[in-house]
Amino acid sequence: MDWQELTNLTGSQPFVVERVRLTGRGVAIEGEFEPPQLAQLSIEDQVFVTAFVRCHGSIKEMERIFGVSYPTIKSRLNRIAQRLDFVDTDPAPSRADVIDRLQRGEISAQEALRELEAPK
(Lines of atoms letter the chains of each structure in order from A and count residues from 1; the text may use other names and numbers.)
(Lines give C-alpha, C1' and ligand atoms only; values in the text may rest on other atoms or scores of the structure.)
Protein backbone atom coordinates (compact mmCIF):
# COMPACT_ATOMS: atom_id res chain seq x y z
CA MET A 1 0.00 0.00 0.00
CA ASP A 2 1.44 3.40 -0.88
CA TRP A 3 0.93 6.69 0.98
CA GLN A 4 -1.73 7.80 -1.47
CA GLU A 5 -3.86 4.72 -0.78
CA LEU A 6 -3.29 5.10 2.96
CA THR A 7 -4.30 8.77 2.86
CA ASN A 8 -7.45 7.88 0.88
CA LEU A 9 -8.26 5.07 3.32
CA THR A 10 -7.92 7.32 6.37
CA GLY A 11 -9.76 10.23 4.76
CA SER A 12 -6.88 12.53 5.70
CA GLN A 13 -7.61 11.89 9.40
CA PRO A 14 -4.64 11.58 11.76
CA PHE A 15 -3.28 8.04 12.10
CA VAL A 16 -0.39 6.19 13.72
CA VAL A 17 1.71 3.47 12.11
CA GLU A 18 2.31 0.62 14.57
CA ARG A 19 4.50 -1.75 12.57
CA VAL A 20 7.28 -1.17 10.07
CA ARG A 21 8.83 -4.02 8.11
CA LEU A 22 12.11 -3.62 6.24
CA THR A 23 11.63 -5.40 2.93
CA GLY A 24 14.18 -8.05 2.11
CA ARG A 25 15.74 -8.01 5.58
CA GLY A 26 13.29 -10.00 7.68
CA VAL A 27 13.19 -7.22 10.25
CA ALA A 28 10.01 -5.72 11.69
CA ILE A 29 9.79 -2.89 14.21
CA GLU A 30 6.71 -2.37 16.34
CA GLY A 31 5.74 0.75 18.25
CA GLU A 32 3.93 3.99 17.55
CA PHE A 33 5.30 5.99 14.62
CA GLU A 34 3.82 9.12 13.14
CA PRO A 35 3.97 9.19 9.35
CA PRO A 36 6.06 11.97 7.81
CA GLN A 37 4.34 15.37 7.75
CA LEU A 38 3.99 15.40 3.98
CA ALA A 39 2.26 12.00 4.09
CA GLN A 40 -0.28 13.48 6.51
CA LEU A 41 -1.42 16.05 3.94
CA SER A 42 -4.44 15.35 1.75
CA ILE A 43 -3.76 13.75 -1.62
CA GLU A 44 -4.52 17.06 -3.34
CA ASP A 45 -2.02 18.90 -1.14
CA GLN A 46 0.60 16.18 -1.69
CA VAL A 47 0.19 16.60 -5.45
CA PHE A 48 0.40 20.38 -5.06
CA VAL A 49 3.62 20.20 -3.00
CA THR A 50 5.14 17.72 -5.45
CA ALA A 51 4.32 20.02 -8.37
CA PHE A 52 5.79 23.00 -6.49
CA VAL A 53 9.05 21.14 -5.88
CA ARG A 54 9.23 19.84 -9.47
CA CYS A 55 8.85 23.35 -10.87
CA HIS A 56 11.53 24.62 -8.45
CA GLY A 57 9.14 26.84 -6.52
CA SER A 58 8.09 28.87 -9.55
CA ILE A 59 4.70 30.36 -8.76
CA LYS A 60 4.32 31.39 -12.42
CA GLU A 61 4.75 27.75 -13.44
CA MET A 62 2.26 26.68 -10.75
CA GLU A 63 -0.25 29.18 -12.15
CA ARG A 64 0.20 27.62 -15.57
CA ILE A 65 -0.02 24.00 -14.35
CA PHE A 66 -3.10 24.49 -12.17
CA GLY A 67 -4.75 27.22 -14.22
CA VAL A 68 -5.23 29.51 -11.23
CA SER A 69 -4.05 32.97 -10.18
CA TYR A 70 -1.03 34.02 -8.12
CA PRO A 71 -3.17 34.79 -5.02
CA THR A 72 -4.74 31.32 -5.22
CA ILE A 73 -1.31 29.65 -5.33
CA LYS A 74 -0.04 31.79 -2.44
CA SER A 75 -3.15 31.10 -0.38
CA ARG A 76 -2.78 27.35 -0.84
CA LEU A 77 0.93 27.47 -0.01
CA ASN A 78 0.14 29.41 3.16
CA ARG A 79 -2.57 26.93 4.15
CA ILE A 80 -0.21 23.98 3.62
CA ALA A 81 2.63 25.75 5.45
CA GLN A 82 0.39 26.14 8.51
CA ARG A 83 0.04 22.35 8.67
CA LEU A 84 3.80 21.73 8.59
CA ASP A 85 6.31 22.15 11.39
CA PHE A 86 9.46 23.85 10.24
CA VAL A 87 12.80 22.26 10.98
CA ASP A 88 15.42 24.40 12.68
CA THR A 89 18.24 24.38 10.14
CA ASP A 90 20.67 26.05 12.53
CA PRO A 91 20.17 24.39 15.92
CA ALA A 92 22.24 25.47 18.91
CA PRO A 93 25.26 23.22 19.46
CA SER A 94 25.08 20.76 22.33
CA ARG A 95 27.26 21.21 25.41
CA ALA A 96 29.31 18.19 24.30
CA ASP A 97 29.88 19.73 20.85
CA VAL A 98 31.05 23.02 22.36
CA ILE A 99 33.42 21.27 24.76
CA ASP A 100 34.80 19.04 21.98
CA ARG A 101 35.49 22.08 19.79
CA LEU A 102 37.15 23.84 22.73
CA GLN A 103 39.37 20.81 23.44
CA ARG A 104 40.40 20.64 19.75
CA GLY A 105 41.31 24.33 19.89
CA GLU A 106 38.70 25.30 17.28
CA ILE A 107 37.18 27.94 19.58
CA SER A 108 38.46 30.00 22.48
CA ALA A 109 37.24 29.69 26.08
CA GLN A 110 35.36 33.00 25.62
CA GLU A 111 33.57 31.65 22.53
CA ALA A 112 32.72 28.42 24.34
CA LEU A 113 31.23 30.34 27.27
CA ARG A 114 29.23 32.54 24.92
CA GLU A 115 27.78 29.50 23.14
CA LEU A 116 27.03 27.67 26.39
CA GLU A 117 25.27 30.68 27.89
CA ALA A 118 23.28 31.55 24.74
CA PRO A 119 19.49 31.09 25.12
CA LYS A 120 18.18 27.99 23.39
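Residue numbering for the sequence shown is 1 to 120, as defined by full-length UniProt numbering.
Idealized CB from N, CA, C, for every residue including glycine.
Fair warning: this is a prediction, and the values are worked out from it, not measured in the lab.
Comparing C-alpha distances from Gly11 to each of Gln40, Gly26, Arg25 shows the shortest one belongs to Gln40. In this structure, the straight-line span from the alpha carbon of Glu117 to that of Ile29 is close to 39 Å. Per DSSP, the unbroken beta strand (DSSP E) holding Ala28 starts and ends at 27-33. About 16 Å separates the CB atoms of Ile80 and Tyr70; that is not less than 8 Å, and the two are not in contact. Boundaries of the alpha helix (DSSP H) harbouring Leu102: 95-103, taken from the DSSP string. In this model, Val27 and Leu6 are separated by some 22 Å (Cα to Cα).
The distance from the Cβ of Val17 to that of Phe33 is about 5 Å, consistent with a contact at the 8 Å cut-off.
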